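These notes concern the structure reproduced below.
Protein chains: 2
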Amino acid sequence: MTIKISIDCMGGDHGPSVTIPAAVSFVNHEPDAELILVGLEAEIGAELKKLNAHNHPRLSIVHATEVVTMDDPLEVALRRKKDSSMRVAVSLIKEGKAQACVSAGNTGALMAVSRYVLKTIPGVDRPAICFPMPNQKDSPTYMLDLGANVDCEPQHLHQFALMGSALVSALEEKTKPTVGLLNIGEEDIKGNEVVKQTAALLRADHERGILNFYGNVEGNDIFEGTTDIVVCDGFVGNVVLKASEGLGRFLKNIVKSEFKSNPINMLGAIIAQGALKSISQRMNPSRYNGASLLGLRGLVFKSHGGEDAFGFEWALKRAFDAAKHDVLAKISTTIAALMPAQEGTAGAESTGVTEPTQQKSA
Amino acid sequence: MTIKISIDCMGGDHGPSVTIPAAVSFVNHEPDAELILVGLEAEIGAELKKLNAHNHPRLSIVHATEVVTMDDPLEVALRRKKDSSMRVAVSLIKEGKAQACVSAGNTGALMAVSRYVLKTIPGVDRPAICFPMPNQKDSPTYMLDLGANVDCEPQHLHQFALMGSALVSALEEKTKPTVGLLNIGEEDIKGNEVVKQTAALLRADHERGILNFYGNVEGNDIFEGTTDIVVCDGFVGNVVLKASEGLGRFLKNIVKSEFKSNPINMLGAIIAQGALKSISQRMNPSRYNGASLLGLRGLVFKSHGGEDAFGFEWALKRAFDAAKHDVLAKISTTIAALMPAQEGTAGAESTGVTEPTQQKSA
Numbered sequence: 001m002t003i004k005i006s007i008d009c010m011g012g013d014h015g016p017s018v019t020i021p022a023a024v025s026f027v028n029h030e031p032d033a034e035l036i037l038v039g040l041e042a043e044i045g046a047e048l049k050k051l052n053a054h055n056h057p058r059l060s061i062v063h064a065t066e067v068v069t070m071d072d073p074l075e076v077a078l079r080r081k082k083d084s085s086m087r088v089a090v091s092l093i094k095e096g097k098a099q100a101c102v103s104a105g106n107t108g109a110l111m112a113v114s115r116y117v118l119k120t121i122p123g124v125d126r127p128a129i130c131f132p133m134p135n136q137k138d139s140p141t142y143m144l145d146l147g148a149n150v151d152c153e154p155q156h157l158h159q160f161a162l163m164g165s166a167l168v169s170a171l172e173e174k175t176k177p178t179v180g181l182l183n184i185g186e187e188d189i190k191g192n193e194v195v196k197q198t199a200a201l202l203r204a205d206h207e208r209g210i211l212n213f214y215g216n217v218e219g220n221d222i223f224e225g226t227t228d229i230v231v232c233d234g235f236v237g238n239v240v241l242k243a244s245e246g247l248g249r250f251l252k253n254i255v256k257s258e259f260k261s262n263p264i265n266m267l268g269a270i271i272a273q274g275a276l277k278s279i280s281q282r283m284n285p286s287r288y289n290g291a292s293l294l295g296l297r298g299l300v301f302k303s304h305g306g307e308d309a310f311g312f313e314w315a316l317k318r319a320f321d322a323a324k325h326d327v328l329a330k331i332s333t334t335i336a337a338l339m340p341a342q343e344g345t346a347g348a349e350s351t352g353v354t355e356p357t358q359q360k361s362a
Numbered sequence: 001m002t003i004k005i006s007i008d009c010m011g012g013d014h015g016p017s018v019t020i021p022a023a024v025s026f027v028n029h030e031p032d033a034e035l036i037l038v039g040l041e042a043e044i045g046a047e048l049k050k051l052n053a054h055n056h057p058r059l060s061i062v063h064a065t066e067v068v069t070m071d072d073p074l075e076v077a078l079r080r081k082k083d084s085s086m087r088v089a090v091s092l093i094k095e096g097k098a099q100a101c102v103s104a105g106n107t108g109a110l111m112a113v114s115r116y117v118l119k120t121i122p123g124v125d126r127p128a129i130c131f132p133m134p135n136q137k138d139s140p141t142y143m144l145d146l147g148a149n150v151d152c153e154p155q156h157l158h159q160f161a162l163m164g165s166a167l168v169s170a171l172e173e174k175t176k177p178t179v180g181l182l183n184i185g186e187e188d189i190k191g192n193e194v195v196k197q198t199a200a201l202l203r204a205d206h207e208r209g210i211l212n213f214y215g216n217v218e219g220n221d222i223f224e225g226t227t228d229i230v231v232c233d234g235f236v237g238n239v240v241l242k243a244s245e246g247l248g249r250f251l252k253n254i255v256k257s258e259f260k261s262n263p264i265n266m267l268g269a270i271i272a273q274g275a276l277k278s279i280s281q282r283m284n285p286s287r288y289n290g291a292s293l294l295g296l297r298g299l300v301f302k303s304h305g306g307e308d309a310f311g312f313e314w315a316l317k318r319a320f321d322a323a324k325h326d327v328l329a330k331i332s333t334t335i336a337a338l339m340p341a342q343e344g345t346a347g348a349e350s351t352g353v354t355e356p357t358q359q360k361s362a
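Respectively, the protein sequence lines represent chains A and B. Taking UniProt numbering, the leading residue of the first sequence gets 1, the next gets one more, and so forth. Taking UniProt numbering, the leading residue of the second sequence gets 1, the next gets one more, and so forth.
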């Protein structure tokens, strides 16, 4: 079964010099993948030639004349750059030409464009960003939302829990993945009103057998792997994600600097180079690259803007796996079974940016 | 100049078996310290005897008949256990017999008891928990609030910034420590309404030369040491603190397990044992033990409940340094110069628990 993925090749800090080598490597390793490379044709073509991949049967180019930069305001991405590689790549899903899309571009712009082009799944008020964090158990802790929604109401966190649960049950093949609600204590009385009301909704779902709600979890539980999914608002999630990246880099630097501190330690490092290499790999955030934008009528994945080809390829792999496991249908089915469809709430109004010239789709 | 510190010797997971050895070690290293050991006299006496310190001229015991356990609800700590070691230790500050107090007991109970006994500084609506996080620059990032206030208004975050700034300028002898506001992006338009309004208050202070406001910071900035102080609400702060502890343990385990994975790596570990020991020390959270409860009319420090004697001694050191640098007067002066005193807002009502039998002090 062929899976078609559209790639915004111009996005991220490095553009085609990273996205094209990643695409070529991925398509060579994955015989079921077909990749549509979107962006400035000349630049993409030149990169492909360098890698001797310009005639690859499962790579095609779709030309797009504009590029959304990391600094572009949402309005520019949405209203002015209608022929951006990002928008064209996302639109290929809508047109049925791709099953998933990957971009390393500006997260806010990618969310706004995806939401505008694809709309949300009926029953989902707000899409969320979901990311697999590493943990002690060596199976990821899927955390959402990681920054799409700074203020959340209980029903939003409730929807995040349902979407996360559908994603993990599809991707990790767990029938009843556990859901934890991020809080500042395990007891029911802890936390703010939003968290307490969310817990009540999740408990009700648990009693109805819809969700495997574990209860409140704390910050440390993310890395202990206490639950498969951790639900939080986008403010908290984004801060935790970035703090973890910062702490990881800090600790990695400590390890590096200590082993270089004197000749004896350097000798030890040479002898135990296998251990150090393995530590470096396990602490490498690229292995966890690729966040899902959940709740849209299409699979969109965001790669970290600063990632190299190795990291970008991980994001491609995640998109491929999600399409292969039919994550979209599973999320839609889960939400549809529980929520009354609210056609009116989906779409452009809720991104805070409207585009009057384009027709609104259903 | 002698600094007197009262110690709740019964608090924490281990009680006198940890607090007494820490106290004895600290008093032996610090000739200007005088420690008042509060708790069950027989238990404290027995531990002192074990260490041959029962006649130490700068150690005294104050008997308290009750103990606040880690599981006691706030009401129990506040209303029922009036002769708890925690409450008696805090009261010694109020009575002018100690300049600072240290407890490893339940954080919520310690905050409620301290707030009830000591009251807040005029102009401070809510006390906050402040903790020095390690960073790349090897000078701590002071972060507050870390869990006392789950919902904050802009004026609360504003007060946290002022208190944190006064604390750091006293402790670290920096005249103009930098203040960052934790957010999900550096741009002014990022974040929720509370954060945006707080930024406006902090910018105004900056323009008046009262505060050195850096602007918004992100999660990674905590560990990069971008600013001396990072201000956030207690929900976010608590989650970040616990997530960091969890990630730190996780990464430490990776280092350990890789060096034990085969005989060659083990040999390397033996040769580079100096590096590994140093890594372990630098990754040891005990070095950073001791959180300040800021905004009270007295210096109260909280040690992590699970710490050993080494960690508890760090908390004693922090309390000693704060008293020595007259942190309390500096915070009170800073706040008094900026805020109109609000006598009515301080005290017991705001803890959510009232104690009708005890007279209210000014």
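Just so you know, even glycine gets a beta-carbon here, dropped at the ideal spot from N, CA and C. Remember, predicted model here, so these are calculated numbers, not experimental data.
Per-residue DSSP class, three states only, for residue i
i, result
"residue 2 (chain B)", "coil"
"residue 69 (chain B)", "coil"
"residue 34 (chain B)", "strand"
"residue 303 (chain A)", "coil"
"residue 292 (chain B)", "strand"
"residue 154 (chain A)", "helix"
"residue 108 (chain B)", "helix"
"residue 184 (chain B)", "coil"
"residue 341 (chain A)", "Summary for residue 341 (chain A): the model assigns pLDDT 46, below 50, so the residue's position carries little reliability, and this model does not support an answer."
"residue 96 (chain B)", "coil"
"residue 195 (chain B)", "helix"
"residue 8 (chain B)", "strand"
"residue 39 (chain B)", "strand"
"residue 375 (chain A)", "As shown, chain A starts at 1 and ends at 362. That puts residue 375 (chain A) outside it, with no answer to give."
"residue 143 (chain A)", "strand"
"residue 178 (chain A)", "strand"
"residue 333 (chain B)", "helix"
Interface residues of chain B facing residue i [CB-CB closer than 9 Å]
i, result
"residue 224 (chain A)", "246, 249, 250"
Beta-carbon gap between residue i and residue j smaller than 7 Å
i, j, result
"residue 62 (chain B)", "residue 109 (chain B)", "no"
"residue 86 (chain B)", "residue 295 (chain B)", "no"
"residue 118 (chain A)", "residue 131 (chain A)", "no"
"residue 112 (chain A)", "residue 78 (chain A)", "yes"
"residue 99 (chain A)", "residue 154 (chain A)", "no"
"residue 6 (chain A)", "residue 59 (chain A)", "no"
"residue 104 (chain A)", "residue 11 (chain A)", "yes"
"residue 16 (chain B)", "residue 36 (chain B)", "no"
"residue 192 (chain A)", "residue 150 (chain B)", "yes"
Per-residue contacts from residue i into chain B (C-beta, under 8 Å)
i, result
"residue 236 (chain A)", "235, 236, 239"
N- and C-terminal bounds of the beta strand (DSSP E) containing residue i
i, result
"residue 216 (chain A)", "212-217"
"residue 102 (chain A)", "100-103"
"residue 263 (chain A)", "Run containing residue 263 (chain A): none in the beta strand (DSSP E); it sits in the alpha helix (DSSP H), 263-271."
"residue 133 (chain A)", "128-133"
"residue 60 (chain B)", "59-63"
"residue 229 (chain A)", "229-231"
Under 7 Å by beta carbon: chain B residues contacting residue i
i, result
"residue 45 (chain A)", "Result: empty, since nearest Cβ-Cβ is about 35 Å, beyond 7 Å."
"residue 242 (chain A)", "218, 219, 220"
Beta-carbon neighbours of residue i, restricted to chain A and to distances below 7 Å
i, result
"residue 150 (chain B)", "184, 191, 192"
CB contact below 7 Å: residue i versus chain D
i, result
"residue 70 (chain A)", "Here chain D cannot be found, since the structure's protein chains are A and B."
For residue i, the first and last residue of its enclosing alpha helix (DSSP H)
i, result
"residue 257 (chain B)", "234-259"
"residue 19 (chain A)", "16-29"
"residue 51 (chain B)", "Here residue 51 (chain B) belongs to no alpha helix (DSSP H), and DSSP marks it neither H nor E."
"residue 313 (chain A)", "309-324"
Chain-ordered neighbours of residue i on chain A, where CB pairs are closer than 9 Å
i, result
"residue 289 (chain B)", "By Cβ distance, chain A contributes nothing, its closest Cβ being about 16 Å from residue 289 (chain B), past 9 Å."
Neighbouring residues, chain A, relative to residue i (Cβ below 8 Å)
i, result
"residue 253 (chain B)", "136"
- Query: Listed from N- to C-terminal order along the chain, which residues in the region 255-287 of chain A have their beta-carbon within a distance smaller than 7 Å of any beta-carbon of chain B?
  - Reply: Cβ contacts with chain B come from 255, 258, 259, 261, 264, 265, 267, 268, 269, 271, 272, 274, 275, 278, 279, 282, 283.
- Compile a chain-ordered list of the residues in the region 175-191 of chain B whose CB is closer than 7 Å to at least one CB of chain A. Per Cβ criterion, the list reads 182, 184, 191.
- Message: What are the residues in the region 2-31 of chain A lying within 9 Å of chain B by C-beta distance?
- Response: Residues of the region 2-31 of chain A with a C-beta atom less than 9 Å from some C-beta of chain B do not occur.
- Task: Report the residues of the region 132-147 of chain A with a CB closer than 8 Å to any CB of chain B, ordered along the chain.
- Result: So the close ones are 134, 135, 136, 147.
- Message: Please list, in chain order, the residues of the region 71-101 of chain A that have any C-beta partner in chain B closer than 7 Å.
- Response: Residues: none.
- Query: Using Cβ-Cβ distances below 7 Å, what residues of the region 51-69 of chain B are close to chain A?
  - Reply: So nothing in the stretch comes that close.
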